[in-house]
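Novice:
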Amino acid sequence: MRLHTLKNRPGARTRAKRIGHGESSGSGKTSGRGGKGQTARSGGSLRIGFEGGQMPLIRRLPKRGFNNARHRTEYLPVNVSALSRFDAGSVVDEKAIRGAGLADGKADGIKVLGNGELDRRLVVHAHAFSASAKAKIEAAGGECHVIERRAATARA
9 MRLHTLKNRP
19 GARTRAKRIG
29 HGESSGSGKT
39 SGRGGKGQTA
49 RSGGSLRIGF
59 EGGQMPLIRR
69 LPKRGFNNAR
79 HRTEYLPVNV
89 SALSRFDAGS
99 VVDEKAIRGA
109 GLADGKADGI
119 KVLGNGELDR
129 RLVVHAHAFS
139 ASAKAKIEAA
149 GGECHVIERR
159 AATARA
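Numbering (the numbering used here), first residue to last: 9 to 164.
(1) Express the C-alpha separation of Leu110 and Arg68 in angstroms, rounding to a whole number.
(2) Is the CB-CB distance between Leu130 and Gly150 below 8 Å?
(3) Taking the straight line between their C-alpha atoms, what separation do you get for Asp116 and Tyr83?
(4) Who are the near neighbours of Ser98 in its chain, counting only those whose CB is closer than 7 Å to its CB and skipping five residues on each side?
(5) Do Val86 and Gly124 come within 8 Å of each other at the CB atom, strictly closer than that value?
(6) Have a look at Arg17, Arg78 and His133 and flag the residue whose alpha-carbon is nearest the alpha-carbon of Ile155.
(7) Within the continuous alpha helix (DSSP H) that includes Gly149, where are the two ends?
(8) With which residues is Asn75 paired in a DSSP beta bridge?
(9) For the beta strand (DSSP E) containing Lys119, name the first residue and the last one.
(10) Leaving out five residues on either side along the sequence, give the residues of the same chain with a beta carbon under 7 Å from the beta carbon of Arg128.
(11) Using the C-alpha atoms, what's the distance from Arg49 back to Phe58?
(12) Where does Ala90 fall in DSSP's three states?
(13) Sorted by chain position, which residues of the same chain lie with C-beta nearer than 6 Å to Ile66's C-beta, five sequence neighbours on each side aside?
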């Protein structure tokens, strides 16, 4: 292979389609834009759901239900197996968990989940525990302490 023998793969560089140059070119006259009207013009695009002034379907149908997702409590998950990196007998709280890089980002708290095994006694402070996580921590001789979340009015 030499530099002077290099060339593009077939079809890699296609010439731009030249529109509006005569009827026999196949894309003359209206240049593939159909007839006249708003969509034939420059910048003439319609918003999604627009039905030409007729009341759109989305507005003809009644509203249904509600969504409470904005107010849900979101926890950062930490598995029991990840807690084994802490020394036996140590107190594991949110600051220690974040410091170890086990949880990062914004959330309403930390929830300890029961995936994996724990072989050491730890005192764990978290906002929530799954039933299996609590059982595994206590089976290893440790303690689970639930951190009470501040009320929304107190946070504001």
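Where a beta carbon is used, it is the ideal one built from N, C-alpha and C, also for glycine.
Specialist: Looking at the coordinates:
(1) 49 Å
(2) yes
(3) 6 Å
(4) Leu130
(5) no
(6) His133
(7) Segment: none, Gly149 is in no alpha helix (DSSP H) and carries neither H nor E.
(8) In DSSP, Asn75 forms no bridge with anything.
(9) Gly117 to Leu121
(10) Ser92, Ala96 and Ala148
(11) 17 Å
(12) helix
(13) Gly57
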